[in-house]
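Enquirer: Pasting a structure below so you can have a look.
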Amino acid sequence: MFNKKSKFELKKDLEKESFQRITCSFYRYCAIDHPEALRNQLYQDLSNLKILGRVYVAQEGINAQISVPDHKWDGFKDYTNASSILKGIKLKKAVQEGLSFLKLTIKVKEEIVAYNLPQDTYDMNKVGKHLSAKEFNASIDQNDAVVVDIRNYYESEVGKFEGAITPDVDRSKELLPEVAKLLADKKDKKLHLYCTGGIRCEKASSYLLKQGFKEVYQLDGGIVQYAHDIKKENLPSKFIGKNFVFDNRLGEKVTDHVIGKCHQCRQKADSHTNCANDACHILFIQCEDCANKYDKCCSDNCRDFAQLDMKTQKELRKDVTKTVSSGKLSSKIKPKLYKLFNYWK
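Quick note, in UniProt numbering, the sequence shown goes up one by one and the last residue is 345.
The following block contains the structure:
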């Protein structure tokens, strides 16, 4: 039970659709005894509902970002409420719509968030107190409040809560040790955690409580729910800029602030993209001027490689020494492009 269509075929299928889609996310930490069996059942059931997206299943729970046909939305909600694992789960709709996914992928994982933490360093029965958007706004205004971004650097570079501590890491397994280091002298402070949809803060808050922090709070529903609530309740937004998302949209605007910078020319920009050279595909921020200059690539070399005919590209990619990819220049999963090429000199 896997998708076998090419990216081209999947895009064509989406173009033929005559209906709109609703992007949403959900998660739940709960005991799942047979994740592989659940994975197979979910794939069959969600496929029948024409749902696309990415779902991770583990013994500790489920984490999903999906795209649901609008005419199947009520049917999907009925499906979740009929499931012993999904009943009553919070479905968080995206702030901005778009073609978020091309296919349905469901994988069995060790963790639903890849923190790679020893089990004795957290207890999911003891997590930080959840705060609504209104409560979070009021609480972070207090003198002893510390706001912590539980996301990677490339997420916070386009949007964040004002004054937040933003860890300089590019993958989840580096995040919590770095956060603990940054907060080493703040154990008497009130920690306020936030992330995209809330799932990373659940385990992060539990980890920090185990580390000896006394007061740990987390934004209920993450930035996604916050963006909906401030609009609904007419609250001021303490979050500025874009909310980075892990799908084809790569971001959704929360406020009109542009806090990011183009990785190539340093002018204000907040649009993430992947290098158009498929052999590279590095993630970076690019302004419109540089997108035109580099033909949506990250460098002159990648642009030149991407302009070769596809047959030549495929032949060259068989030899790693002849493949042009900026990702080879760093051991990082998502290196900072402006540092790789010293664009900001």
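Don't be surprised by glycine CBs; every beta carbon is placed ideally from N, CA and C.
Bear in mind that the values here come from a model prediction, so they are computed numbers and not experimental data.
So what's ALA145 in DSSP terms, helix, strand or just coil?
Expert: Three-state DSSP puts ALA145 in a strand.
Enquirer: Please identify the residue among GLU174, ALA37, VAL158, GLU110 whose C-alpha is closest to the C-alpha of LYS332.
Expert: Comparing Cα positions, the closest option is GLU174.
Enquirer: Quick check on the burial criterion: 16 or more other C-beta atoms within 10 angstroms. Buried or exposed for HIS263?
Expert: buried
Enquirer: Quick one: measure Cβ to Cβ for HIS71 and SER139, integer angstroms, because I've assumed they're closer than 8 Å.
Expert: Contact flag wrong, Cβ pair sits at about 40 Å.
Enquirer: Alpha helix (DSSP H) containing ALA138: first to last residue?
Expert: 133 to 140
Enquirer: By the three-class DSSP mapping on this structure, what secondary structure does LYS253 have?
Expert: strand
Enquirer: If distances are taken between C-alpha atoms only, which option among ARG171, PHE161, ILE282 comes closest to TYR153?
Expert: ARG171
Enquirer: So, does the segment 96 to 111 touch the segment 179 to 197, judging by three or more C-beta pairs under 8 Å?
Expert: no
Enquirer: By a C-beta neighbour count over all protein chains shown, 10 Å radius and 16 as the cutoff for buried, is PHE26 buried or exposed?
Expert: buried
Enquirer: Could you check where the beta strand (DSSP E) with TYR29 kicks off and where it finishes?
Expert: 21 to 29
Enquirer: Going by the DSSP bridge assignment, what does VAL57 pair with across the sheet?
Expert: ILE62, VAL108
Enquirer: Taking only the alpha-carbon atoms, compute the straight-line gap between LYS7 and SER299 and give it to the nearest angstrom.
Expert: 24 Å
Enquirer: For LEU316, which residues of its own chain have a beta-carbon under 7 Å away from its beta-carbon, when the five flanking residues on both sides are left out?
Expert: Taking LEU316 as the centre and dropping the five residues before and after it, the same chain places the C-beta of LYS322, THR323 closer than 7 Å to its C-beta, in chain order.
Enquirer: Apply the 10 Å Cβ neighbour rule to PRO236 and answer buried if 16 or more other Cβ atoms are within range, or exposed otherwise.
Expert: Around the beta carbon of PRO236, fewer than 16 other beta carbons lie within 10 angstroms, which makes this residue exposed.
Enquirer: Give the secondary structure of SER172 by DSSP, where H, G and I count as helix, E and B as strand, and everything else as coil.
Expert: helix
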